[in-house]
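K.L.:
Chains as they are written, first to last, in our numbering: chain A, 254 to 560; chain B, 254 to 560.
#1: Whole angstroms are fine: how far does the CA of residue 403 of chain A sit from the CA of residue 432 of chain A?
#2: Below 7 Å between beta carbons is the criterion; list the residues of the segment 485–514 of chain A that meet it against any residue of chain B, in chain order.
#3: On the three-state DSSP scale, how would you describe residue 210 of chain A?
#4: Skipping 5 residues on each side, what residues in its chain have a beta carbon closer than 7 Å to that of residue 330 of chain A?
#5: Can you grab the Cα-Cα spacing for the pair residue 546 of chain A / residue 451 of chain B, in whole Å?
#6: Looking at C-alpha atoms only, which residue of B/334, B/256, B/346 is the closest neighbour of residue 270 of chain B?
#7: Kindly give me the distance between the Cβ atoms of residue 526 of chain A and residue 488 of chain A, rounded to whole angstroms, as I take these residues to be in contact under 8 Å.
#8: Looking only at C-alpha atoms, which of B/397, B/387, B/369 sits nearest to residue 567 of chain B?
#9: At a Cβ threshold of 7 Å, is residue 441 of chain B touching chain A?
#10: Which residues, taken in chain order from the segment 422–450 of chain A, show a beta carbon closer than 8 Å to some beta carbon of chain B?
#11: At 9 Å on the CB atoms, spell out the chain A contacts of residue 553 of chain B, in chain order.
#12: Around the C-beta of residue 274 of chain B, are 16 or more other C-beta atoms found within 10 angstroms, so that it is buried, or is it exposed?
#13: In the DSSP assignment, the beta strand (DSSP E) including residue 246 of chain B goes from what residue to what residue?
#14: Distance check for residue 559 of chain B and residue 227 of chain A, CA to CA, integer angstroms please.
#15: Leaving out the 5 sequence neighbours to the left and right, which residues in its chain are closer than 7 Å to residue 352 of chain B when beta-carbon positions are compared?
#16: Would you kindly report the start and end of the unbroken alpha helix (DSSP H) that includes residue 500 of chain B?
#17: Assuming residue 387 of chain A and residue 373 of chain A are in contact, meaning their beta carbons sit under 8 Å apart, how far apart are those beta carbons, in whole angstroms?
#18: Please list the partners that residue 543 of chain B has in chain A, where partner means a Cβ-to-Cβ separation under 7 Å.
#19: Whether or not the segment 357–374 of chain B and the segment 312–327 of chain B are in contact is what I'm after, with contact meaning three or more pairs of Cβ atoms, one per stretch, closer than 8 Å; do they touch?
#20: Could you check where the alpha helix (DSSP H) with residue 518 of chain B kicks off and where it finishes?
#21: Can you check the segment 298–363 of chain B for any beta strand (DSSP E) of at least 3 residues that lies completely inside it and give the ranges in chain order?
#22: Anyone know if the C-beta pair for residue 475 of chain A and residue 462 of chain A falls short of 7 Å?
#23: Helix, strand or coil, according to DSSP, for residue 293 of chain B in the structure here?
#24: Any idea what DSSP makes of residue 367 of chain A, helix, strand or coil?
#25: For residue 535 of chain A, name the three-state secondary structure that DSSP assigns.
#26: List, from N- to C-terminal side, the beta strand (DSSP E) runs of 3 residues or more that fit wholly inside the segment 401–439 of chain B.
#27: Does any CB atom of chain A fall closer than 7 Å to the CB of residue 393 of chain B?
#28: Between residue 257 of chain B and residue 290 of chain B, how many whole angstroms is the CB-CB distance? I'm expecting something under 8 Å.
#29: Sort A/551, A/391, A/392, A/382 by Cα distance to residue 405 of chain A and report the nearest one.
#30: I'd like to confirm the pairing. Which residues does DSSP put opposite residue 373 of chain B in its beta bridges?
#31: With 7 Å as the limit, tell me which residues of the segment 514–525 of chain A have their beta carbon closer than that to any beta carbon of chain B; keep them in chain order.
#32: Using a Cβ-Cβ cut-off of 7 Å, state whether residue 271 of chain B counts as contacting chain A.
#33: In whole angstroms, what is the alpha-carbon distance linking residue 534 of chain A and residue 491 of chain A?
#34: Give a yes or no on whether the minimum CB-CB distance between residue 465 of chain A and chain B is below 7 Å.
#35: Quick one: what does DSSP say residue 479 of chain A is sitting in, helix, strand or coil?
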C-alpha cells in the first residue's frame, strides 16, 4: 500500500452560516484532507501540531478512519489553533471573526521516520517555509501537491516561489491564481504558474467547479449542483484530500488519471458542504461515494458523434 | 428537413470592450441565433423587424448562411433598433449606453405562412406578449424554447407567466433564475420554474457554463476556458441558436439529445466571443465546429470504474 503524507493544520473551528452556528468543533486543513483521503486504500499520515486542550477523541476519530497520527505533535502546555468565521448569505464570502495561532505559531513539522519515503505528499495551506521544511525531510516522493492562499502571496512571496519550484501540482482558487500571476484569464494564469514550477495546475472555482491544466491539456469538473450548501468550510481541503488519496491508491500520476482524481475530489467536496464542519465526512462510506461518482457521470457525460 | 422559426431582434449594436470599440455593426438576438442555428440542417426562418436604414448586405448575409428572411418586416420610414454597451474589465458586467427601440416599439411579428407548422420555435428575448403572439400563429410545434430576461420579470410579470406556461424549454441566466423564483439555490430555482410551465430549464452561468434541468435529472456543460474573451455580446443567443438548431436537425427532443444540444450551443458560444459582434460566426465552418466539439469532449469526459 502506497504511503501518503499530509501536512497542515489540525484545529478548532467556530462556524456561523445562515443555517446555524457551532461552538468550537473539529477543524483544520489536515483534518479535512485526512478524513477525505481516508476513503482510499493508502497508508496516510498526518503531520501537524495541537495543544493540550485538544480532545483525545478527535485523534481517535482520525485513527479510526485509518489515519496515522504519530506525526501530530501535542504541546501539552499550549493551546490548539483556533479559527472562527461567519458566512454571508450567498455562502461564497465570509468574514474571519478570530484567528488564534497558538501552537501553530512555532510549528516545526517532523515527518515520522517510517513515512519519509512516502510516494505522495500533500502540503496543506501553511507558511511556505514550513511546507519546504517538510520536503527537506522526504526521500524522493513521486508526487508533491501544494495548497496555498493569497495571504502567503502578500506576506512571504520569496518563500512561496521557492516551494512552488519544488512541487508537481498546485491547488489554488481562481482569485488567487489571478493575484499570483496578474492575469485575469485563467488559461493564461495557469500557463504562468506552470512556468513557476508546478507542471499541473488545479484552479478551484468553488461552486463553479475546478480546472486542471497541464501543458496544452485542460480538464474541467463541475461542482455537484446542490439544493443547499450548509457549510462550505473545508470543501477545498476535502477536494485536495480526495485528489491525493485517489492518486496514492492508484499510483498512476498521469494526466488521465488526474482527471479521475479531480472527479473524486469534487464528489467528496460535495459531501463535505452538506453538514457543519467534518460531520458528514466522519460517517461517509465508500458506497455513498460511489453513488455520488455515478451522479457526476450523469451530470457531465455525453455522447457526440463527430461526422 | 425540419423547420425552425426564430423570433427576436435584428439590430445595430455599438460595442466597447477593453480590446477596442466598434461603430454601428450588425447585432440583435435573432441575428446571433440565426447565424448559430445555420450550422445545422434545418430550414430556419427569422421573424423580426428593421428600419429603412438596415443595409441589404446584412439581410443577404443571413440568406447566404441559409436563413429565410421573408419574415423580417422592413419599415422603410422607420429606424432599426439600436443598442450600445460598454463592458467592464472583467467582461462579466456591462453598462448600457443607449437603447433606441425605434421600429421595435411597435413590433407585430408575422410568421410566414409556409413556416406556421414548423417543428421548433425559438422565442428570443422580447416582450412576452409579443412572444405569445408568435405562438398564436403556430400550428402545433414539437418544441418551443423561450429566452427572457429580468426586465420582463420587473415590468410585465403577468404576460411573462402566461408565455412561460406555453413553452417546453426556458433559457435564462443564473441571476434571472434567482430573481424569477426568489430561490438562491439553482436546483430549487429550476424546480420552481418547472412548476411554472417549462419542463426543461436551462440556466446559463456565462463563463461558468450552463445547466439543464428536467425533473430529477441535471446535466452540466462548461464554457470552454479561453485565453481571452474578446466580446461577450450575443454569446447567450448563439448558445440558444446552437441548441435549437441541433434539435431541429436531429428531431429528437429527449433529455439525452438535449445534453448534446447544450454542448453544441456551448461550442458555438465559444466561437462567438472570439471576435467583435457576429464576425466570427459569419465565417464559421462546420469543420471548425467539429474541432471544438472534440475539445469539449477532452475537457469534460472521464472514465471512472465503479467497483
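Even for Gly, the Cβ is constructed at its ideal location relative to N, Cα and C.
P.N.:
The short version:
#1: Roughly 7 Å between the two C-alpha positions.
#2: Hits within the stretch, in order: 512, 513.
#3: The structure shown does not extend to residue 210 of chain A, since chain A spans only 254 to 560, so no value can be given for it.
#4: So the list reads 305, once near-sequence residues are dropped.
#5: Their Cα atoms are separated by approximately 29 Å.
#6: For the residues B/334, B/256, B/346, the minimum Cα distance to residue 270 of chain B belongs to B/346.
#7: Their Cβ separation, rounded to whole angstroms, is 5 Å, which keeps residue 526 of chain A and residue 488 of chain A in contact under 8 Å.
#8: Since the first residue of chain B shown is 254 and the last is 560, residue 567 of chain B is not available in this structure.
#9: Chain A contact via Cβ: present.
#10: Listed in sequence order: 437, 438, 439, 440, 441.
#11: The contacting residues are 472, 473, 474, 475, 553, 554, 555.
#12: By the neighbour-count criterion, in which 16 or more other beta carbons inside 10 Å mark a residue as buried, residue 274 of chain B falls on the exposed side.
#13: Residue 246 of chain B lies beyond the stretch modelled for chain B, which goes from 254 to 560, so this question has no answer here.
#14: A question about residue 227 of chain A goes unanswered here, because the residues of chain A that appear run from 254 up to 560.
#15: Excluding positions up to five away in sequence, the list reads 336.
#16: That run of the alpha helix (DSSP H) goes 488–503.
#17: Contact doesn't hold; Cβ gap of about 13 Å is too wide.
#18: Correct list: 559.
#19: Yes, since at least three Cβ pairs between the segment 312–327 of chain B and the segment 357–374 of chain B fall closer than 8 Å, the two stretches touch.
#20: That run of the alpha helix (DSSP H) goes 508–525.
#21: If you keep only unbroken beta strand (DSSP E) runs of at least 3 residues inside the segment 298–363 of chain B, you get 320–328, 335–340, 347–353.
#22: In this structure, residue 462 of chain A lies closer than 7 Å to residue 475 of chain A by Cβ.
#23: Per DSSP, reduced to three states, the secondary structure at residue 293 of chain B is coil, with no helix or strand assignment.
#24: If DSSP states are grouped into helix, strand and coil, residue 367 of chain A belongs with the helices.
#25: If DSSP states are grouped into helix, strand and coil, residue 535 of chain A belongs with the helices.
#26: Runs found: 422–426.
#27: Residue contact with chain A for residue 393 of chain B: absent (no Cβ-Cβ distance below 7 Å to any residue of chain A).
#28: Going by Cβ atoms, the distance from residue 257 of chain B to residue 290 of chain B rounds to 6 Å, so yes, they are a contact pair.
#29: In terms of Cα proximity to residue 405 of chain A, the closest of A/551, A/391, A/392, A/382 is A/382.
#30: Residue 373 of chain B pairs with B/257, B/396.
#31: Answer set for the segment 514–525 of chain A: 516.
#32: Under the 7 Å criterion on CB atoms, residue 271 of chain B is classed as non-interfacial with respect to chain A.
#33: Cα atoms of residue 534 of chain A and residue 491 of chain A: separation of roughly 9 Å, rounded to the nearest angstrom.
#34: Interface residue (Cβ-Cβ distance to chain B less than 7 Å): residue 465 of chain A is not classified as such.
#35: Residue state, collapsed to three classes: coil.
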